Amino acid sequence: MVVTRFAPSPTGYLHIGGLRTALFSYLWAKKNGGKFLLRIEDTDKARNSQEAADAILKAFEWLGLTHDEEIVYQSQRDEIYTKYIKQLLDEKKAYKCYMSKEELADLRETQMANKQRTMYDGRFRDFEGVAPEGIEPVIRIKAPQNTEIIVRDGVKGDVKFQANDILDDFVIARADGSPTYNLVVAIDDHLMGVNEVIRGDDHLSNTPKQIVIYEALGFEIPKFYHVPMIHNAEGKKLSKRDGATDVMEYKNMGYTPEALLNFLVRLGWSHGDQEIFSMEEMITHFNPKDINKSASIYNTQKLDWLSAHYLKNSSNKVLADLLSEFDLVLTSHDKKEILLDVIKERAKTLKEMAELTKEILATPRFYDEKAVKKAFKEDSADILSAFSLKLQNSDELHLPSDYHDAMQEVVDEMAIGFGKIGQPLRVALLGKMSGPGLDEVMAIIGKNETILRIKNALDANA
RNA sequence: GGCCCCAUCGUCUAGCGGUUAGGAUCCAUGGUUUUCAUCCAUGUUACAGGAGUUCAAUUCUCCUUGGGGUCACCA
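Pasting the structure below:
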C-alpha cells in the first residue's frame with residue numbers, strides 16, 4: 006500500500022509550490038489505491054498559528070483534495086518524541102551536550118575565520134563526567150563518520166553524500182526538551198506508515214540527516230521523490246513578492262480548482278503531449294517517474310488558457326452556482342441560459358464572467374467618444390429610430406434570432422448594409438465598439454431595455 | 001565558501017544513439033465574426049560551450065560556464 010503525506014508547517018497560507026507537491030502526493034496515493042495523509046508540523050510555537058493551519062485546510066477543501074485518516078498535529082505528540090529521544094539516549098546513540106550557545110557561536114566564528122566548514126566538534130560525544138551547573142543540555146545524535154550516505158531518490162536518482170562533508174552530531178532535542186524537525190519527521194513518517202515521500206528538492210540536502218535517524222531508530226527508509234522547485238521570473242525560489250502565491254488568491258481571482266490543478270500538475274510533470282487532464286486522468290496517468298529534474302519558472306499565461314477552456318466547457322448550471330461567489334445571482338434571470346452561453350465563451354475567469362455580465366445588464370451611463378465618432382453617421386439616428394419603432398411594433402421577441410430578424414427587416418426596408426445599423430446599435434446598447442453579439446445582448450436585456458438604450462443614445466449623441 | 005541538484009523554443013514540455021528536434025502557451029498573420037472575444041489555419045523561435053566514447057550524439061562520460069538549493073537549539 007502506498008502511503009504519502011503532505012506536511013506543512015502552519016506559518017502562513019497554502020503556497021502554490023506546496024500545493025503542487027501535495028497534489029503529486031495525492032495523485033500517487035490515489036493511483037495506487039493508497040492513502041494520502043496530512044500532518045501539521047507545528048512544533049515551532051513562536052511561528053505557528055491555528056489560523057494558518059485552518060487556512061491551509063480551507064484551501065484543500067476548496068480544491069477537493071481530501072486526505073485520509075485523522076490529521077496529525079505534531080504539537081500533540083510530545084510524549085511520543087520524548088520516548089524516542091530517551092530510547093536513543095539509553096542506547097547511547099545520542100547524548101547530552103552542555104555546550105552553551107555562546108560557546109557554539111565562538112566555535113563557528115573561529116571555523117569561519119579559518120575557512121573551515123562550520124560544524125559542531127563533538128566535544129560532549131563521549132562525555133562521562135559531571136554535568137556542568139546551570140546549563141540545560143541539548144541532545145545530539147551520534148552521526149556516522151567516514152561513510153557514504155546514499156539517498157535513493159525516485160526523481161534525481163542515487164544522490165551520494167560523504168558523511169564527513171555534511172554531517173555533524175546535530176541537535177535532535179532542544180534545551181527545553183522539544184524535538185527538532187529532522188527527528189520528528191522521521192518518527193512521524195514511520196509511525197504514520199508513510200512509505201513514499203514526495204516533497205520539494207530543497208529538502209534533498211537534509212535527507213541524509215533523516216536517514217541517520219531512521220537508521221538509529223531501526224526504521225525502514227521510505228522511498229523519496231524530491232521534486233524541483235518552482236522559480237519566479239528571475240529564476241529564484243518563488244516568494245510572496247512574486248505575485249499570487251497564496252492558493253486562495255486564485256479562488257478570489259476567479260479560477261476554478263480544476264483549472265488550477267490542471268495547471269499545476271503540468272508544472273514539472275508531463276504525460277506525453279497531453280495538456281488537459283481531468284482529475285480522473287491525472288490519477289490514472291500520474292507517475293513520479295515522469296517528474297522533471299529541473300526547476301520550472303512560474304508563469305500563469307497557460308493558467309489563463311486552461312481556465313478559459315474549462316469555463317467554455319462547463320455547464321451553465323455549474324457556472325451559475327460558481328458565479329454566486331462573485332456577487333452575481335442569476336437564478337431569477339429568465340434569459341440566463343443565453344447570457345451564460347455568451348459570457349462563458351468570452352471570459353478567462355469567473356470574475357471576468359461576472360464583470361462581463363454587469364456590463365451587459367447595466368444601462369450605459371456614458372459612451373466611448375471614439376466609438377461614437379466612428380459609429381454615428383448622419384443617418385444613424387434615422388436607422389436606430391426605425392429599428393426602435395420596429396421593436397415597439399413586434400410582440401414576440403424572445404430569442405436572439407427574433408432580434409436578428411427585426412434587424413434584417415430594417416436593413417432590407419432601408420436598403421442599407423448591416424454595418425449601418427450594427428455599429429451605432431452596438432454603441433447604444435453597450436457604450437463601446439466591442440462586445441458580445443447584438444442579437445444575444447438584446448435577447449438578454451429584452452425589448453423594453455433595448456428601446457430605452459436606443460433612446461438614451463440618441464438623446465446623448467444624435 | 002563547502003556540499004548537493006539542474007541545463008531543449010520567451011514560458012510549460014516531448015525526446016530515452018540515427019527525428020525535417022514534436023506538442024502546448026505566448027506572439028504575428030490570414031479566415032470566421034456587423035465589432036471584440038471564441039474558433040480554425042499558417043508562421044517565427046530551442047538542444048549553453050568544449051573535449052571525449054561511437055559508424056552516428058540533443059541523447060552516454062568528463063570538464064567549463066551558468067543557474068538553483070542547502071549548510072540553525074526553523075520547518
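Count along the first sequence from 1, then add 5; that gives the number in our numbering. Positions of the beta carbon are idealized from the N, C-alpha and C atoms, including for glycine. Remember, it's a predicted structure, so these values are computed and weren't measured experimentally.
Does DSSP classify K178 as helix, strand or coil? Note that residue 178 is Ala in the sequence shown, not Lys. Reduced to three states, the DSSP call for A178 is strand.
Can the beta-carbon of T9 be found closer than 7 Å to that of V232? no
Use the C-beta contact count for E46: other C-beta atoms within 10 angstroms, 16 or more gives buried, fewer gives exposed. Burial call: buried.
Roughly how many angstroms lie between the CA atoms of M69 and P262, to the nearest whole one? For clarity, residue 69 is Gly in the given sequence; the question names Met instead. In this structure, the alpha-carbon of G69 lies about 8 Å from that of P262.
In chain order, which beta strand (DSSP E) runs of at least 3 residues are fully inside the segment 78-163? 99-102, 143-146 and 153-158
Going by other Cβ atoms of all chains shown within 10 Å of its Cβ, with 16 needed for buried, is K353 buried or exposed? buried
Should T123 go down as buried or exposed, given a rule of 16 or more other Cβ atoms within 10 Å for buried? exposed
Whole angstroms is fine: what's the gap from E445's alpha carbon to W67's? 33 Å
How about the segment 128-135 and the segment 201-213: do they share at least three Cβ pairs that are nearer than 8 Å? no
Span of the alpha helix (DSSP H) holding H231? Membership of H231 in any alpha helix (DSSP H) is not indicated; the residue belongs instead to the beta strand (DSSP E) covering K228 to V232.
Per DSSP, what kind of secondary structure is S312 in: helix, strand or coil? Three-state result, S312: helix.
Out of T185, A178 and P149, state which residue places its alpha-carbon closest to the alpha-carbon of A168. P149
Buried versus exposed, by CB contacts within 10 Å (16 or more), H403: exposed
When the Cβ atoms of the segment 321-340 are set against those of the segment 283-290, are three or more pairs found closer than 8 Å? Judged by Cβ distances under 8 Å, the segment 321-340 makes no contact with the segment 283-290, as fewer than three pairs qualify.
Helix, strand or coil, according to DSSP, for L43 in the structure here? strand
G205 (DSSP reduced to helix, strand or coil): strand
Among D193, D173, C102 and D163, whose alpha-carbon lies nearest the alpha-carbon of E138? C102
Just to confirm, are V217 and V176 a CB contact at a threshold of 7 Å? no
To which residues does DSSP link V8 through a beta bridge? K40
In terms of DSSP beta bridges, what is Q397 paired with? Answer is none; Q397 lacks a bridge partner.
Which residue or residues does DSSP assign as beta-bridge partners of K242? K242 has H236 as its beta-bridge partners, per DSSP.
With a 10 Å radius around its C-beta and 16 neighbouring C-beta atoms as the bar for buried, classify L24 as buried or exposed. buried
Any chance you could list the alpha helix (DSSP H) runs of at least 4 consecutive residues sitting entirely within the segment 323-370, in chain order? Restricted to the segment 323-370, the alpha helix (DSSP H) segments that are unbroken, complete and at least 4 residues in length are 341-349 and 355-366, listed in chain order.
Anyone know if the C-beta pair for S312 and Y260 falls short of 7 Å? yes
The alpha helix (DSSP H) that contains H195, what's its start and end? Y186 to L196
Tell me whether N466 is buried or exposed, calling it buried when 16 or more other Cβ atoms sit within 10 Å of its Cβ. buried
In whole angstroms, what separates the C-alpha of K165 from that of K228? The C-alpha of K228 is placed about 15 Å away from the C-alpha of K165.
Does the count of Cβ pairs from the segment 372-380 and the segment 421-435 closer than 8 Å reach three? yes
Tell me the DSSP secondary structure of Q279 in three-state form. coil
Span separating the alpha-carbon of F331 from that of Y31: Going by the C-alpha atoms only, they are around 29 Å apart.
Is the segment 235-243 touching the segment 38-45 in the sense that three or more CB pairs, one from each, lie closer than 8 Å? no
Do Y86 and V189 have their beta-carbon atoms positioned less than 7 Å apart in this structure? yes
Just to confirm, is the Cβ distance from M234 to A300 under 7 Å? yes
What are the boundary residues of the alpha helix (DSSP H) that includes E56? Q55 to L68
Who are S301's beta bridge partners in DSSP? DSSP output for S301 lists I235 as bridge partner(s).
Check H403 in the structure and name its three-state DSSP category. coil
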